[in-house]
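The block underneath contains the structure these notes are about, expressed in structure tokens.
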Amino acid sequence: MKKKQLDTKHIRNFSIVAHVDHGKSTLADRLLEYTGTVARREMREQLLDDMELERDRGITIKARAVAIRHHYKGEDYELNLIDTPGHVDFHYEVSRSLACCEGAVLLVDACQGVEAQTVANAYAAMQQNLSIVPAINKVDLQNARREEVLQEMESSLGIDPFSVIATSGKTGIGTEELLAAVIERIPPPQGDPKATLQAMVFDSHYDEYRGAIIYVRLMNGTVTKGQKVRLLKAGITYDVLELGQFVPQRRACEQLRAGQVGYLICNIKAVNQVHIGDTVTIPGDDAAPALAGYQEPKRMVYCGLYPAEGQDFEELRDALTKLAINDPSFEFEPETSDALGFGFRCGFLGLLHMEIIQQRLEREADLDLVQTAPNVTYEIVTTTGETLRIYNPQKVPESGLIEEFRQPVVRVSFVLPVESIGPVMQLCTDRRGVYVRTEYLGAHRAILVFDLPLAEVIYDLHDKLKSVTRGYGTMDYDFLGYFPADLVRMDILVGSKRVDALSIVCDRRDAERRGRAIVKKLRTEIDRHMFEVALQAAVGTRVIARETISAMRKNVTAKCYGGDITRKRKLWAKQREGKKRMKSIGNVDIPQKAFMAVLDTGAER
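When you line the sequence shown up against my numbering, it's residues 82 to 686, in that order.
Pasting the structure below:
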């Protein structure tokens, strides 16, 4: 049955934003079920989380768009919902989604209350001037703290408690009221369907058979099947072979108008021609001006990815290129390592993002990868006045050439129970954090703010925070900039040879403890060889820690019963000579786990 074309005032575009695990995807399920967008027999939990990795981990990784038709007060409305991730590493996905919307449903868990990402996402929506529909989820649970949470929302975000809608993603309580609030409180899109075509590319993915499929939000104009469109950044014109909306699967239609969200298939085979944030318009002189697009994401964490089998280098390049279309927030460039051969240095938004990309490559492209320990980006001012951006510890120049070494610093906001303030302050002080402020959300919860070096945040701060707050603490961080620090490059030598993939940058005061911890860990990870292997940590030419992996030994004197000792000495000397020769030509086999050993920060602080 052909759907009636709606005018712009009957369209609403909105996102659901919340802290991780506050029930965004489950609430989206209830909205789809209530409006009949998805038949009950096709319904399953977290329907929009269709990536295998998302279902395995129970988290949203990619934002997903879906068009919902809803009948309200005798009128038909089209609600374009974008379900977003909650984890801090995927905040770039959230910011892209918000740019395509006029409003956002801000969801807060009735048991856990306002968390770090709740505050971050609420401020992100306010900065985009979006209309916010506040909702409190999981109100059906026995341990729901409804009144306290409403008070927290009022004190931390300035939200009127009477405007908050009580919902339950599990039972469907409040679904009707939430849909009514979305229609009444969120304004319709401003675009003019009769104007020149102007659409924003907010996402895309690569299909083996159809090429790159681009997801667009139409700001102005109309696009129809068969017409020619131009991607301004790529500067190339294409024919629209198919267009449509997500319901939540792709469903083709004849045209998309201003205010709508949908997809275009234009037979784009070259993956480097698609840019997230690009503008789609008509070819020729009457083309619409380019939209502002998106701010370039700041990659915070870098690591090397190498194929376990050296000959898979080209397969890895293809897999990374296709993945970059779907996730533009990571970047990669070729690099070589003496220990690992040819590979890529990849930049990510955080450690979870790095882990997800590695797992997607292994699953979707069936690759076996070796990953080096992650590191953050540093800035170095040389004695000649040049400023270098360092993504790889191997690129750090000799200490005599460094005028100033700068590290990235972030402002971390912890939301935690009041009784955990002391242990968390100790945790931050041990990591050379600078106290900023404390704000109280209520009698039992507070926001604690510290400035910390990013390198201290990404490795284990989240795990330690969960430990000291018994699982109740959450954190979110914003990048402040690069600040001078007393940093050094520490090299790891295996059998007197520097292993470039094991080099790290650390604070000078930490170097000895880190070095000792790394060589101890490596001693347990590297197998014994037929010759003795020395493991050393060095800063410049000074060795600061050493461990030795003793050689496997054969008892060459087992056949000598009694008799003259000189016979035994001869055999031992011969054995020593053989081991010495073997040591000079033998290679030490370093397993994958050893490359992650450099993350060991030493004894408990």
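Don't be surprised by glycine CBs; every beta carbon is placed ideally from N, CA and C.
With 16 other Cβ atoms within 10 Å as the buried cut-off, status of residue i
i	result
Pro534	buried
Thr252	exposed
Pro415	exposed
Val189	buried
Pro370	exposed
Ala351	exposed
Leu108	buried
Asn473	buried
Ile295	buried
Ala654	exposed
Ser176	buried
Arg590	exposed
Asp408	buried
Lys602	buried
Pro215	buried
Asn353	exposed
Ala524	exposed
Leu128	At Leu128 the pLDDT is 49, less than 50, meaning the model places this residue with poor confidence and gives no usable figure here.
Tyr319	buried
Thr303	buried
Tyr204	exposed
Asp449	exposed
Thr54	Not covered by the structure: residue 54. The range shown for the chain is 82 to 686.
Asp581	buried
Ser665	Low local confidence applies: a pLDDT of 46 at Ser665 is under 50, so the model's placement there is unreliable, and no value is given.
Residue from the options with nearest C-alpha to residue i
i	options	result
Met556	Leu529, Leu652, Ala626	Leu529
Gln488	Met207, Leu324, Thr458, Val462	Thr458
Val147	Leu113, Val175, Arg177	Leu113
Val98	Arg398, Glu257, Leu211, Glu159	Leu211
Tyr553	Val490, Val101, Arg266	Val101
His151	Thr89, Ile217, Ala261	Ala261
Arg492	Ala203, His103, Lys90, Tyr563	Tyr563
Gly431	Ala368, Lys306, Tyr558	Tyr558
Met300	Val310, Glu323, Leu322, Ala276	Ala276
Ala293	Leu324, Ile254, Thr550	Leu324
His434	Leu345, Phe411, Val505, Leu448	Phe411
Leu337	Tyr383, Thr465, Val382, Pro274	Pro274
Tyr115	Gln232, Gly255, Asn161	Gly255
Leu312	Thr199, Ile346, Cys427	Ile346
Distance CB(residue i)-CB(residue j) smaller than 8 Å
i	j	result
Glu183	Pro268	yes
Phe327	Cys181	no
Ala315	His286	no
Met281	Leu372	yes
Gln341	Ile92	yes
Val297	Gly365	no
Ala626	Glu613	no
Ala185	Ala206	yes
Ile539	Met381	yes
Leu497	Ser236	no
Ala339	Thr510	no
Gly250	Asn202	no
Leu187	Phe95	no
Beta-bridge pairing of residue i - partner residues as DSSP gives them
i	result
Ala280	Leu299, Val361
Asn348	Note: Asn348 sits in no beta bridge, so no partner.
Ala185	Ser96, Ile213
Val569	Cys587
Gly422	Ser418
Ala527	Leu497, Tyr521
Leu397	Leu397 is not bridged to any residue.
Gln617	Leu574, Arg627
Tyr387	Val451
Asp102	In DSSP, Asp102 forms no bridge with anything.
Leu322	Note: Leu322 sits in no beta bridge, so no partner.
Gly272	Partner(s): none; Gly272 has no beta bridge.
Leu337	Val304
Met688	Here the chain covers residues 82 to 686 and nothing more, so residue 688 does not appear.
Gly250	Its beta-bridge partners do not exist; DSSP assigns none.
Asp367	Asp367 is not bridged to any residue.
Leu533	Val491
Asp288	Gly292
Residue-chain proximity (residue i, chain C), Cβ-Cβ < 8 Å
i	result
Ala315	Given the protein chain composition of this structure (a single chain), no chain C is represented.
Three or more C-beta pairs below 8 Å linking the segment 240-249 and the segment 270-277 = no
Is the segment 510-522 close to the segment 477-485, with three or more CB pairs under 8 Å?
-> no
Segment contact, 8 Å Cβ cut-off, at least three pairs: the segment 358-369 with the segment 435-442 = no
Looking at C-beta atoms only, is the number of pairs between the segment 575-595 and the segment 215-230 that lie closer than 8 Å three or more?
-> By the criterion of at least three beta-carbon pairs nearer than 8 Å, the segment 575-595 is not in contact with the segment 215-230.
Between the segment 420-428 and the segment 384-396, do at least 3 Cβ pairs fall closer than 8 Å?
-> yes
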